[in-house]
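S.K.: Here's a structure for you.
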Amino acid sequence: MKPALLFLAMLLMSIGAFAHSATAQCLNFGPVGAPHMNGVNGTVRAIAARQEGASHVVYVGGNFATVGGSVQARGIARWNGFSWSPVGNLGQFSGEVRTIAFFNSELYIGGQFTISSEGSPFLRGLAKWNGNAWVAVGGQANASAVNALLVHNGSLYVGGNGLGIVLPGGPSIQTIARWDGLSWNALPLTTQVSVSGDVQCMTTHDDGAGPTLFIGGNFSINGPNVSARNVARFEAGTFSALTVGIQSGFVYALASYTDSTGPALYVGGDFVDAGGVGNVGRIAKWQNGGWSALGSGIVGSSVRALTPYAGKLLVGGQFSRAGPLAASSLAAWDGTDWSPVGDGAPPAVFTISALEDGTGQHVFVGGQFSRIHQSLVNNFARSIPTAPTVVPAARTLRPSDVAVFTATPAGDGPFSYRWQHNGVTLAEGGRYFGTSTPTLLIGPLATPGSDPAWTDAGQYTVIVTGACGSASATATLTVEPCAADFNTDGFVNSQDFFDFLSTFLTGCP
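Residue 0 is where the sequence shown starts when you use numbering that gives the first Met the number 0, and the numbers rise one by one after that.
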């Protein structure tokens, strides 16, 4: 066996499992947009995304007038991964957008706002963008406040207060309704059950009976065989309570999250007690018909956002501690323990979404904050995967040598790896080993003068994908020709001697 191949085999035998140290704070956040021209100039309340053609577009709603430093966009704007733009002409817009949803390929917004423009109907609290203009939903245009929109079982559910939806020949709907794309429907289906108050949030969760609609807020539901406050389940055409529920305070956020104990419904708000179990610290867990606390909960005024991501439940709101740890308005729960997310985003996080924006998977955070991770972000930020480290960053070797590059990722695993040579993904085998592992071996190296398909000099890039998204790093390999390979054809033979002799005899011109 040639020395180079023997060395390569020994290296392959010596490579063991690649270990990394996972950290609870794998999320590093940065601005959305160019430095000093990023974010929005007011509070962000809602974030949603969808694919439009070949692009992934993120929509942001809230109470603002400009985005990206100078782009005029009142209440709602779109980010395509590279630039900001308004969504149509909102005319005279006043108020704030609190929720965004996509239903039947159309964009819906809800909130506490009014829209008036010449030649268009007056809109209040609820509107949809049909691709050309903002229009009313089913003739409805007089909602005091729409706080939550959710697509479930082929319908759009609308929650808030003072909805003012008038059914043909029936009563008006004030708190929660279902839009099927053609007409409005009341919830519940029976008039014997009444819902009064304010719906703040909705989600779907499977607690054993299939995906089911859950609602939260500050409301009461009363009727034959049902009495629920502030959190409830909707199935089989009516509502039911989650035992004694949450008797006082608002529920602002709901999320379905699975940890080692199985799936559970997580509930956040400004309440103290949940289900009669005592002080839960603004957040609680509903699982297998019972309530429980998440450690000692959070210390602060409220939990406003809950989003599962990378095996953890991300929690946003207005607080200073999560469990025993300092955490400024942003924290993570892994089913057992709390951890801060970086240095937080004080004073308030109102919405968190894990979305694709065309540049990769990111966590987007919105609220009322100016900085996150020491970056100026102006109320809206996204996670930025930390680039891996490749060692060595540059190597200079000779033909028949073996090159070894090792990538060390940052953040939470598990990780996947993909190595490229000058932008082309490498296939395992031949002279390439470990093309989908942390350590890449190339050898024996070919010289720049040999068959171009065997030229190994150039840029080697590793793309690492983990819990925090994808990131890449590049190393440079230089292959110097062997001094004896006078004609640089990749081979040392008698032709090199004759070529040298010919050149020597020719002398200098």
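Heads up, the beta-carbon is just placed ideally off N, CA and C, and yes, glycines get one too.
May I ask you to verify whether the stretch 41 to 54 touches the stretch 367 to 378, counting CB pairs closer than 8 Å and requiring at least 3?
M.R.: With a cut-off of 8 Å, the stretch 367 to 378 and the stretch 41 to 54 count as touching, because enough Cβ pairs lie within range.
S.K.: Use the C-beta contact count for Asn278: other C-beta atoms within 10 angstroms, 16 or more gives buried, fewer gives exposed.
M.R.: When all chains shown are included, Asn278 counts as exposed.
S.K.: Which residue from Glu95, Leu476 and Ala53 puts its Cα closest to that of Thr395?
M.R.: Nearest option by C-alpha distance: Leu476.
S.K.: Across which residues does DSSP place Asn278 in a beta bridge pair?
M.R.: Paired residue(s): Asp272.
S.K.: Report yes or no: do the stretch 334 to 352 and the stretch 304 to 319 share at least 3 C-beta pairs separated by less than 8 Å?
M.R.: Touching, yes.
S.K.: Can you have a look at Gly275 and say buried or exposed, based on whether 16 or more other CB atoms are within 10 angstroms of its CB?
M.R.: Gly275 comes out exposed.
S.K.: Measure the beta-carbon distance from Gln111 to Gly94 and round it to whole angstroms, keeping in mind my assumption that it falls under 8 Å.
M.R.: At roughly 5 Å, the Cβ-Cβ gap stays under 8 Å, so Gln111 and Gly94 are in contact.
S.K.: If you follow the beta strand (DSSP E) that Ile462 is in, where does it begin and where does it stop?
M.R.: From DSSP, the beta strand (DSSP E) with Ile462 extends over Gly457 to Gly465.
S.K.: Run the CB neighbour count on Ser500, radius 10 Å, all protein chains shown included, and call it buried at 16 or more, exposed below.
M.R.: In the sequence under discussion, the amino acid at residue 500 is Leu, which differs from the Ser named in the question. Classification for Leu500: exposed.
S.K.: Can you give the Cα-Cα distance for Arg417 and Phe363, rounded to whole angstroms?
M.R.: Whole-angstrom Cα-Cα distance: 26 Å.
S.K.: Three-state secondary structure (DSSP) at Thr477?
M.R.: Three-state DSSP puts Thr477 in a strand.
S.K.: Reducing DSSP to helix, strand and coil, say where Leu305 ends up.
M.R.: If DSSP states are grouped into helix, strand and coil, Leu305 belongs with the strands.
S.K.: What does DSSP give as the partner residues of Leu26 in its beta bridges?
M.R.: Answer by DSSP bridge pairing: none, since Leu26 is not bridged.
S.K.: Where DSSP assigns a beta bridge to Thr436, which residues make up the other side?
M.R.: In the DSSP output, where bridge partners are listed per residue, Thr436 has none listed.
S.K.: Pick helix, strand or coil for Val491, following the three-state DSSP scheme.
M.R.: The answer is coil: DSSP assigns Val491 none of H, G, I, E or B.
S.K.: Between Phe249, Trp290 and Pro262, which lies nearest to Phe270 when the distance is taken from Cα to Cα?
M.R.: Nearest C-alpha to Phe270: Phe249.
S.K.: On the three-state DSSP scale, how would you describe Ala326?
M.R.: If DSSP states are grouped into helix, strand and coil, Ala326 belongs with coil.
S.K.: Where in the stretch 359 to 440 do unbroken runs of the beta strand (DSSP E), each at least 3 residues long, occur, reported from the N-terminal end onward?
M.R.: Complete beta strand (DSSP E) runs here, min 3: 360 to 368, 379 to 382, 388 to 390, 393 to 396, 402 to 407 and 415 to 420.
S.K.: Return the residue from the list Tyr251, Gly422 and Arg73 that minimises the CA-CA distance to Gln91.
M.R.: Ranking Tyr251, Gly422 and Arg73 by Cα distance to Gln91 puts Arg73 first.
S.K.: Would Ala325 and Trp337 qualify as a contact pair, given that the criterion is a beta-carbon distance under 7 Å?
M.R.: Cβ atoms of Ala325 and Trp337: not closer than 7 Å.
S.K.: Going by Cα to Cα distance, which pick from Ala135, Glu105, Ser104 and Gly68 is closest to Ser116?
M.R.: Among Ala135, Glu105, Ser104 and Gly68, the Cα nearest to that of Ser116 belongs to Ala135.
S.K.: Which of the three DSSP states, helix, strand or coil, is assigned to Thr502?
M.R.: DSSP places Thr502 in helix when its eight states are reduced to three.
S.K.: On a CA-only basis, which of Gly261, His151, Asn103 and Arg97 is nearest Ala144? Give me that one, please.
M.R.: It is Arg97 whose Cα lies nearest to the Cα of Ala144.
S.K.: Could you tell me the distance, in whole angstroms, from the CA atom of Ala23 to the CA atom of Pro339?
M.R.: At Ala23, the pLDDT of 37 sits below 50, so the modelled position is not reliable; the number obtained from the coordinates is stated separately. Distance between the alpha carbons of Ala23 and Pro339: 8 Å.
S.K.: What residues match up with Leu48 in a beta bridge as DSSP calls it?
M.R.: It is Ala, not Leu, that sits at residue 48 in the sequence shown. According to DSSP, Ala48 bridges with Val57.
S.K.: Grouping DSSP H, G and I as helix and E and B as strand, with all else coil, what is Phe497?
M.R.: It is helical.
S.K.: What does the Cβ neighbour count give for Pro387, buried or exposed, with the cut at 16 atoms within 10 Å?
M.R.: So Pro387 ends up on the buried side.
S.K.: Taking the C-alpha atoms as reference points, what is the distance between Ala48 and Val491?
M.R.: Going by the C-alpha atoms only, they are around 59 Å apart.
S.K.: Going straight from the alpha carbon of Leu10 to that of Leu439, what length do you get?
M.R.: For Leu10, the pLDDT reaches just 33, beneath the cut-off of 50, and the residue's location in the model is therefore unreliable, leaving the point undetermined.
S.K.: Find out if the Cβ-Cβ distance for the pair Ile46, Val66 is shorter than 7 Å.
M.R.: No. Outside cutoff.
S.K.: Helix, strand or coil for Gln246? Go by DSSP, reduced to three states.
M.R.: DSSP places Gln246 in coil when its eight states are reduced to three.
S.K.: Would Ile282 count as contacting chain C if we go by Cβ distances under 7 Å?
M.R.: Note that chain C does not occur in the displayed structure, where there is just one protein chain.
S.K.: To which residues does DSSP link Asp197 through a beta bridge?
M.R.: Partner(s): Asn217.
S.K.: If I follow the unbroken beta strand (DSSP E) through Thr113, where does it start and stop?
M.R.: Start and end: Glu105 to Ser115.
S.K.: Leu253 and Phe218 - do their beta-carbons sit closer together than 7 Å?
M.R.: No, they are not a contact pair.
S.K.: Using only the alpha-carbon positions, how far apart do Tyr265 and Trp133 sit?
M.R.: When rounded, the distance between both Cα atoms is 34 Å.
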